[in-house]
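Notes follow once the structure below has been shown.
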Amino acid sequence: MATVTTQASAAVLRPSSRFLTGSSGKLQREVSFKPITASPRSFKVEAAKGQWLPGLPSPAYLNGSLPGDNGFDPLALAEDPENLKWFVQAELVNGRWAMLGVAGMLLPEVFTKIGILSTPEWYDAGKAEYFADSSTLFVIEFILFHYVEIRRWQDIKNPGCVNQDPIFKQYSLPPNEVGYPGGIFNPLNFAPTLEAKEKEIANGIVFVCDIHTGRLAMLAFLGFVIQHNVTGKGPFENLLQHISDPWHNTIIQTLSS
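Going by this note's numbering, the first residue of the sequence shown is number 12, and it counts up by one from there.
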């Protein structure tokens with residue numbers, strides 16, 4: 012909410028002159044200015060909630076209750092309430108994977124450049140040798156991800172149904188919001204508490220920051236991929252190249268060449 016208060020003051024010049032005759036016989040004019048102030052006026056400007064573009068109304072099914080809801084849904088993907096539940100969790104998980112991916116692409120390159128690590132660039136990581144060949148690694152990852160995604164889908168359909176470990180019964184997670192399991196998955200205790208929710212602190216800090224950071228990371232990941240396809244280099248190397256000659260190493264010169 013933005014509040015703007017203006018106070019207008021109008022000064023009207025009204026001359027009052029007197030003609031005096033000095034000792035030299037010349038005329039002297041004395042002029043006085045009297046300011047007239049107008050009554051102060053104030054007005055308030057409020058940004059409409061849930062409008063990603065000013066003047067464009069939000070869809071009726073997006074009422075601003077979801078974290079990060081700005082009314083942006085040009086393809087009407089969230090029109091179905093059941094689909095909306097899935098898309099909310101899909102965006103949340105994809106944003107978290109993007110945050111991990113961006114960190115995994117950027118930090119190894121930075122540490123390698125300064126001499127702390129010796130790792131390949133992210134676009135050459137698939138060429139390195141690991142404990143198994145790429146086909147074996149793909150099968151292992153597919154099985155593990157399939158299991159996790161099935162459990163996550165069950166939690167969306169029936170919240171809390173997968174809080175208990177199916178094999179080790181003594182391990183379970185406390186009741187929490189879908190997508191925020193808490194427990195061992197929240198070592199820094201960032202999960203919103205009931206008291207915070209009642210004060211609307213959680214929705215403004217935890218949920219909104221999580222989704223906004225995830226969206227930014229998804230854009231950054233896409234930018235890293237496009238940047239490499241254009242320049243053939245990593246993001247940190249491109250940054251160093253730009254800093255070395257900021258007037259000539261820019262996106263304009265890169266695209267023009």
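No residue lacks a Cβ here, since even glycine has one placed at the ideal position from N, Cα and C.
query                                                                                                                                                                               : result
Run through DSSP, which three-state label would residue 181 get?                                                                                                                    : coil
Buried or exposed, going by whether 16 or more other CB atoms sit within 10 Å of the CB of residue 246?                                                                             : buried
Taking all protein chains shown into account, do 16 or more other C-beta atoms lie within 10 angstroms of the C-beta of residue 222, making it buried, or fewer, making it exposed? : buried
Anyone know if the C-beta pair for residue 138 and residue 131 falls short of 9 Å?                                                                                                  : yes
Which whole-angstrom value is the C-beta distance of residue 81 and residue 63, which I expect to be below 8 Å?                                                                     : 4 Å
Taking residue 108 as the reference, which of 251, 184, 231 and 262 has the closest Cα?                                                                                             : 231
Report the residue from 167, 116 and 95 whose alpha carbon sits nearest the alpha carbon of residue 244.                                                                            : 116
DSSP on residue 154, reduced to helix/strand/coil?                                                                                                                                  : helix
Give the DSSP bridge partners of residue 238, in chain order.                                                                                                                       : Answer is none; residue 238 lacks a bridge partner.
According to DSSP, which residues form a beta bridge with residue 175?                                                                                                              : 183
Can you name, in chain order, every residue of its own chain whose Cβ lies under 6 Å from the Cβ of residue 32, other than the five neighbours on each side?                        : For residue 32, the predicted structure reports a pLDDT of 43, less than 50, and the residue's modelled location is therefore unreliable. A value from the coordinates is still provided. Cβ within range, chain order: n/a, list empty.
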